[in-house]
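Numbering (the numbering used here), first residue to last: 7 to 171. From the three backbone atoms N, C-alpha and C, an ideal C-beta is built for every residue, glycine too. Here is the structure we will look at, set down as structure tokens.
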Amino acid sequence: MRPRVLVAGIGNIFLGDDGFGVEVIKELEGADLPPWVQIADYGIAGMHLAYDLLGGYDTTILLDATPHGRPPGTLSLIEADTGDLAASSAIDAHGMQPDAVFRLLRLLGGDAGRVLVIGCEPACLDGGIGLSPAVEAAVPAAVRAVTELAWGTSPELPLKEKTEV
Numbered sequence: 007m008r009p010r011v012l013v014a015g016i017g018n019i020f021l022g023d024d025g026f027g028v029e030v031i032k033e034l035e036g037a038d039l040p041p042w043v044q045i046a047d048y049g050i051a052g053m054h055l056a057y058d059l060l061g062g063y064d065t066t067i068l069l070d071a072t073p074h075g076r077p078p079g080t081l082s083l084i085e086a087d088t089g090d091l092a093a094s095s096a097i098d099a100h101g102m103q104p105d106a107v108f109r110l111l112r113l114l115g116g117d118a119g120r121v122l123v124i125g126c127e128p129a130c131l132d133g134g135i136g137l138s139p140a141v142e143a144a145v146p147a148a149v150r151a152v153t154e155l156a157w158g159t160s161p162e163l164p165l166k167e168k169t170e171v
């Protein structure tokens with residue numbers, strides 16, 4: 007069965023809480039996920055993510071640190087609006103932020119399907135390996151949210167308005 011859902015952990019493990027997505031993927035490796043879900047640690051390899059998305063998925067779930075001015079460790083579920091990203095053709099292969107990943111994907115003729123972001127408010131994005139206590143404590147809830155989304159149930163996270171990634 008072809009995976010219909012891609013769960014992508016993104017972030018830089020050398021910048022503290024920016025490694026949130028990577029840590030959630032590590033925990034998901036032992037989770038009970040359906041066979042149509044593929045999980046992958048992309049870290050800072052946005053170009054790799056863009057090319058993998060060319061394979062076609064119904065849903066893409068990104069796991070990332072997302073600063074919004076909330077208390078550290080706060081999780082949010084964001085439905086991303088990637089529609090306007092095709093308007094620009096500027097691609098920086100050395101700084102593949104999510105907007106650049108989806109812009110490249112569109113330029114290559116691909117589609118990520120529905121894009122959801124499970125974001126975690128970081129406490130510290132300074133140099134250093136390891137999550138802050140508040141963000142580390144949020145990892146199990148993020149794993150539950152991914153599992154619930156994968157099985158088609160709604161996680162108990164606040165759904166933010168659609169936003170451009």
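Q: Give the DSSP bridge partners of G15, in chain order.
A: Answer by DSSP bridge pairing, in chain order: D47, L69.
Q | Separation of L68 from Y57, as counted between CA atoms | A | Roughly 15 Å between the two C-alpha positions.
Q: Use the C-beta contact count for P41: other C-beta atoms within 10 angstroms, 16 or more gives buried, fewer gives exposed.
A: Counting Cβ neighbours within 10 Å, P41 comes out exposed, since fewer than 16 surround it.
Q.
Could you give the first and the last residue of the continuous alpha helix (DSSP H) run that contains I31?
A. Where I31 is concerned, the enclosing alpha helix (DSSP H) stretches over 26-34.
Q | C-alpha distance - G134 paired with G49, whole-angstrom precision | A | Near 15 Å, if we compare the C-alpha coordinates of G49 and G134.
Q: Please report the residue range of the beta strand (DSSP E) in which E85 lies.
A: Where E85 is concerned, the enclosing beta strand (DSSP E) stretches over 81-86.
Q. Starting from R109 and walking both ways along the alpha helix (DSSP H), at which residues does that stretch end?
A. Per DSSP, R109 is one residue of the alpha helix (DSSP H) stretching across 104-113.
Q) If we count the other Cβ atoms within 10 Å of its Cβ and call it buried at 16 or more, is P78 buried or exposed? A) That one is buried.
Q) Which of helix, strand or coil does DSSP assign to L59? A) Helix, per DSSP.
Q.
For D47 and H54, what's the separation of their Cα atoms in angstroms?
A. Roughly 10 Å between the two C-alpha positions.
Q) Run through DSSP, which three-state label would G174 get? A) Outside the shown range of the chain (7 to 171) lies residue 174, about which nothing can therefore be said.
Q) Ordered along the chain, which non-local residues of its own chain (more than five positions away) have a Cβ less than 6 Å from that of T65? A) For T65, where only same-chain residues beyond five positions count, the Cβ hits under 6 Å are V11, G119, R120.
Q. Among residues of its own chain, excluding the 5 on either side of L34, which ones have a beta-carbon nearer than 7 Å to its beta-carbon?
A. Correct list, in chain order: V13, I45, V149, V152.
**Q.** As assigned by DSSP and simplified to three states, the class of L155
**A.** Helix at L155.
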